[in-house]
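Sequences listed follow chains B and P, in order. Residue numbers for the first sequence follow my numbering, beginning at -7 and rising by one. Residue numbers for the second sequence follow my numbering, beginning at -7 and rising by one. C-beta atoms are modelled at their ideal positions from N, C-alpha and C, and glycine is treated no differently.
2 protein chains.
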Amino acid sequence: MMRKGKQKEKKERRIAQAALRLFSTKGYRAASVDRIAEEAGVGKGTIYEYYDSKSDIFLAATKEWMMEFQEKFQSRLSEIEDPVEQLQAVARMNVELIEPLDPVNARMTVEVIRQGILEDGVIFGRRNEMRDVMQGMQKIVEKILLTGISRKLFKAEIARDVSSIAANFLAYLDGIMLHGILSENHFQIKEKVGGFMEILMHEILTDPDKQNGKLQ
Amino acid sequence: MMRKGKQKEKKERRIAQAALRLFSTKGYRAASVDRIAEEAGVGKGTIYEYYDSKSDIFLAATKEWMMEFQEKFQSRLSEIEDPVEQLQAVARMNVELIEPLDPVNARMTVEVIRQGILEDGVIFGRRNEMRDVMQGMQKIVEKILLTGISRKLFKAEIARDVSSIAANFLAYLDGIMLHGILSENHFQIKEKVGGFMEILMHEILTDPDKQNGKLQ
DNA sequence: CCGAAAACCGACTAAGTGGTCGGAAATGAC
DNA sequence: GTCATTTCCGACCACTTAGTCGGTTTTCGG
């Protein structure tokens, strides 16, 4: 008996993806399991064959989202050779989350942070389950930095700080994204990030004058 | 008749403050009006004498929160003369939001952003009502920068970028706060922010070598 | 084609929500 | 003290939610 594992996995993923679409538009609570079932094209009962609780669905959706996100990043970064341009691409892609207003990622970011912060949030007691996935982005940036260092584009002395720099960089990008959305100053985002990038580049480039680090 | 306006205002504020406590710990939905009434020590019906809806309570609580926050900032900053130290105090105060683990601000920040992003969020269509309050912090930082410039501590050429720098600075601090809480790397926050401050100071100080901008 | 096992389903339950409303309590001018 | 007016209240209502469960449908080895 036992239907082929592939089939099962596929449906499980279809549910997670449907859930992701709803979580990222409605928010956790308002994305009801009934609605998720409808969106996924399955019965409500079926969902509980694959997941024990709504929390589990959310975790799965979050993982799905982070995977997709990082894959998109990776694939765009792989087309770029220069680490400097790669860093700027990371910034630009984050800016584009709000610039042509793709609120899906913004909302999901907020939702994940929220569920991780609230004491009875879905992720609160299960952050360790997410750690690997969450650190993926940071690893990507660290790698860019290390490549830059080995090519003598970035100062050698930042080597011991790569993880701190990467974390700061990503935290900054998230912060600016959230503020940007809230204040509706979308049009200024690019300039702000550009200014920040200039400073950052000025600080880590071996030869700051050759590249001025302007965004775009 | 009509009880003294003062009395009314006081109760209205007590409700908002009770609501703030709950919103910032439970989140919007889980902070039920029943619970808010209990926390404020009034009947549920009474709440609706002062506010038309739960949304209104949330807006009031948010304003209350931002006021308190900015007052705290202002009062601590007023004890400091040197703009450089003032900037660092701003950073330090933000770090302390998570360092002695007082997640109230973090949670409220996320909650406000969330309600501003979600289409059926409480603030979604009413962001303009909040704008002034929200820009308060930025104004404070801008003022610090301008003072620093007029005292020749900061480079004169940053004058045209003060608002951008201030916005970036605050966005960064929020981003690092949220990431810090989420990743539970509290102990590294101070170092990260310290590194960032060093870079920032290096970039805006007229004489970067005199002050190295280390946090703490 | 048979039939047991697996997969699927949606009506139902229990719990929790925001908001209402009729009546009780407090107030203060007279 | 009286009593009109304001203030307060919590039982109640209509609605939404996550999760269950008994029965139906699909699957597939023999």
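Check                                                                                                                                                                 : Outcome
With a cut-off of 7 Å, does the C-beta of Glu195 of chain P fall near any C-beta of chain B?                                                                          : yes
Assign Leu165 of chain B to one of three DSSP states: helix, strand, or coil.                                                                                         : helix
By the DSSP assignment, the alpha helix (DSSP H) with Ala52 of chain P in it spans what residues?                                                                     : Lys46 to Leu69
Can the beta-carbon of Tyr43 of chain B be found closer than 7 Å to that of Tyr164 of chain P?                                                                        : no
What first and last residue would you give for the alpha helix (DSSP H) that runs through Val104 of chain B?                                                          : Pro95 to Ile109
Would Val25 of chain P and Lys3 of chain P be called neighbours here (beta carbons separated by less than 7 Å)?                                                       : no
Please check if any C-beta of chain P sits within less than 7 Å of the C-beta of Lys184 of chain B.                                                                   : yes
Thinking C-beta only, is Ala83 of chain P closer than 7 Å to Ile72 of chain P?                                                                                        : no
Which class does Leu197 of chain B belong to by DSSP, given the choice of helix, strand or coil?                                                                      : strand
Taking the alpha carbon of Leu145 of chain P as the point to measure from, which residue in P:Asp74, P:Leu69, P:Glu63 and P:Lys131 has its own alpha carbon closest?  : P:Asp74
Touching or not, the stretch 102 to 113 of chain B and the stretch 25 to 39 of chain B, by the rule of three or more beta carbon pairs under 8 Å?                     : no
Using beta-carbon positions only, say whether Ile196 of chain B and Lys147 of chain B come within less than 7 Å of one another.                                       : yes
Compute the Euclidean distance between the alpha carbons of Ile173 of chain B and Thr198 of chain P, then round it to the nearest angstrom.                           : 33 Å
According to the Cβ coordinates, are Arg152 of chain B and Ser16 of chain B closer than 7 Å?                                                                          : no
Does the Cβ of Ile166 of chain P have 16 or more other Cβ atoms within 10 Å, making it buried, or fewer, making it exposed?                                           : A small correction: the amino acid at residue 166 of chain P is Asp; Ile does not occupy that position in the sequence shown. Under this definition Asp166 of chain P is a buried residue.
Express the C-alpha separation of Gly140 of chain B and Ala10 of chain P in angstroms, rounding to a whole number.                                                    : 52 Å
Rounded to a whole number of angstroms, what is the C-alpha to C-alpha distance between Ala32 of chain P and Ala8 of chain P?                                         : 8 Å
If I'm right that Ile181 of chain P touches Val87 of chain P with Cβ under 8 Å, what's the distance once you round it to whole angstroms?                             : 6 Å
Determine the direct distance from the alpha carbon of Leu137 of chain B to that of Ala29 of chain P, and round the result to whole angstroms.                        : 53 Å
Cβ of Phe188 of chain P within 7 Å of Cβ of Asn160 of chain B?                                                                                                        : yes
Give a yes or no on whether the minimum CB-CB distance between Arg21 of chain B and chain P is below 7 Å.                                                             : yes
Counting only Cβ pairs nearer than 9 Å, list the residues of chain P close to Glu88 of chain B.                                                                       : In chain order: nothing, as chain P lies at least about 16 Å away.
Answer with yes or no whether the minimum CB distance from Leu110 of chain B to chain P is below 7 Å.                                                                 : yes
Give me the chain P residues within the contact set of Ile173 of chain B, using Cβ-Cβ distance strictly less than 9 Å, ordered along the chain.                       : Ile105, Gly108 and Ile109
State the Cα-Cα distance for the pair Leu14 of chain B and Ser67 of chain B, rounded to the nearest angstrom.                                                         : 25 Å
Ala83 of chain P lies in the alpha helix (DSSP H); which residues open and close that run?                                                                            : Pro75 to Glu88
Looking at Ala53 of chain P and Leu110 of chain P, is the spacing between their C-beta atoms short of 7 Å?                                                            : no
Mind listing the chain B neighbours of Phe188 of chain P? Cutoff is C-beta to C-beta under 7 Å, in chain order.                                                       : Asn160
Since Met126 of chain B and Met169 of chain B are thought to touch, with beta carbons under 8 Å apart, how far apart are those beta carbons, to the nearest angstrom? : Contact flag wrong, Cβ pair sits at about 16 Å.
Does chain P have any CB closer than 7 Å to the CB of Ile224 of chain B?                                                                                              : In the structure displayed, chain B extends from -7 to 208; residue 224 of chain B sits before or after that span and is not available.
Taking 7 Å as the threshold (C-beta atoms), are Gln62 of chain P and Leu69 of chain P in contact?                                                                     : no
Residues of chain P with CB under 9 Å from Tyr40 of chain B, in chain order?                                                                                          : None at all; the shortest Cβ gap to chain P is about 22 Å.
By the DSSP assignment, the alpha helix (DSSP H) with Gly128 of chain P in it spans what residues?                                                                    : Arg119 to Ser142
Considering only residues of the same chain and omitting the five flanking positions on each side of Arg27 of chain P, which have a CB-CB separation below 7 Å?       : Leu14
When the Cα atoms are used, what is the spatial distance from Gln208 of chain B to Pro200 of chain P?                                                                 : Unreliable positioning characterises Gln208 of chain B in this predicted model, as indicated by a pLDDT of 45, which lies under 50. A coordinate reading is not provided.
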